[in-house]
Amino acid sequence: MRIVLVGPPGAGKGTQAVRLAEKLAIPHISTGDLFRANISQQTELGKLAKSYMDAGNLVPDEVTIAMAKDRMEQPDAENGFLLDGFPRNVSQAEALDRLLDEESIKLDAVLDLEVPEEEVVKRIAGRRICRNDSSHVFHVTYSPPKQAGVCDVCGGELYQRDDDSEETVRTRLEVYHTQTEPIIDYYKAQGLVVTISSLGPVDEITQRALEALKREKAENK
Ligand code: AMP
Numbered sequence: 001m002r003i004v005l006v007g008p009p010g011a012g013k014g015t016q017a018v019r020l021a022e023k024l025a026i027p028h029i030s031t032g033d034l035f036r037a038n039i040s041q042q043t044e045l046g047k048l049a050k051s052y053m054d055a056g057n058l059v060p061d062e063v064t065i066a067m068a069k070d071r072m073e074q075p076d077a078e079n080g081f082l083l084d085g086f087p088r089n090v091s092q093a094e095a096l097d098r099l100l101d102e103e104s105i106k107l108d109a110v111l112d113l114e115v116p117e118e119e120v121v122k123r124i125a126g127r128r129i130c131r132n133d134s135s136h137v138f139h140v141t142y143s144p145p146k147q148a149g150v151c152d153v154c155g156g157e158l159y160q161r162d163d164d165s166e167e168t169v170r171t172r173l174e175v176y177h178t179q180t181e182p183i184i185d186y187y188k189a190q191g192l193v194v195t196i197s198s199l200g201p202v203d204e205i206t207q208r209a210l211e212a213l214k215r216e217k218a219e220n221k
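Positions 1 to 221 (the UniProt record's numbering) are the ones given, in order, by the sequence shown.
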């Protein structure tokens, strides 16, 4: 399957993406994770991306699209992928359509995770991520690690993302509403959007998402 995951920051995209990708046996492609890997490896792309990310703004389309294209062309993504955080505006969505057209392939679904704004702020403020692997995500209240500050999975140090500060979160939400939300209408016009609530236990949300994707796939056949 080829899926795009959308939702505001704090909707649980990263958490659900890891789980869904595993269940569906497709690679999880997160442009945020790719940028963070570039930052920790101190590449030129990482240096460029960091200034935009720290301010809560989008990294310019040209570099983002080139990076996403390069990742989607890796052999493991040949039969499907789950895009998390890309596309993030209409021009990226149009670029993705062009890339898919060139390969004569199509998206199967756009999964929209819905969550109330007050909840988003609470989720982000308490979010802690492992330095070794950004797919190991905890929350100080909702899913605390056994030992504070230490990753349950690998023992790595947990930290708060620079762009998870309250001020940056406000900018990220604003960017989401003005730039990313319009892609939902863009994909609705293609009949691809499935919306689910992203409230409740993590396992239940995964189940809800899998059922919604199954229904969408059956309808598109
Ligand atoms: P995320 O991990 O998806 O929350 O992304 C973290 C940050 O990376 C965003 O706030 C942006 O600064 C940047 N970023 C991630 N994906 C994109 C994208 N598709 N376009 C532009 N910037 C992005």
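For every residue, glycine included, the Cβ atom is placed at its ideal position computed from N, Cα and C.
Annotated three-state conformation of R123 is helix, per DSSP. DSSP lists L83, V110 as the beta-bridge partner residues of V4. Residue state for E157 is assigned as strand, using DSSP reduced to three classes. Short note on A218: C-beta not closer than 8 Å to any heavy atom of the ligand AMP. With fewer than 16 other CB atoms across the displayed protein chains lying within 10 angstroms of its CB, Q74 is exposed. Considering only D203, K69, C151, the residue with the shortest C-alpha distance to I129 is C151.
Ranking A218, G12, M1 by CA distance to the CA of D112 puts G12 first. Cβ neighbours of Y176 within its own chain (closer than 8 Å, five residues either side excluded): P8, P9. Look at T64: its beta carbon is less than 8 Å from one of the heavy atoms in the ligand AMP.
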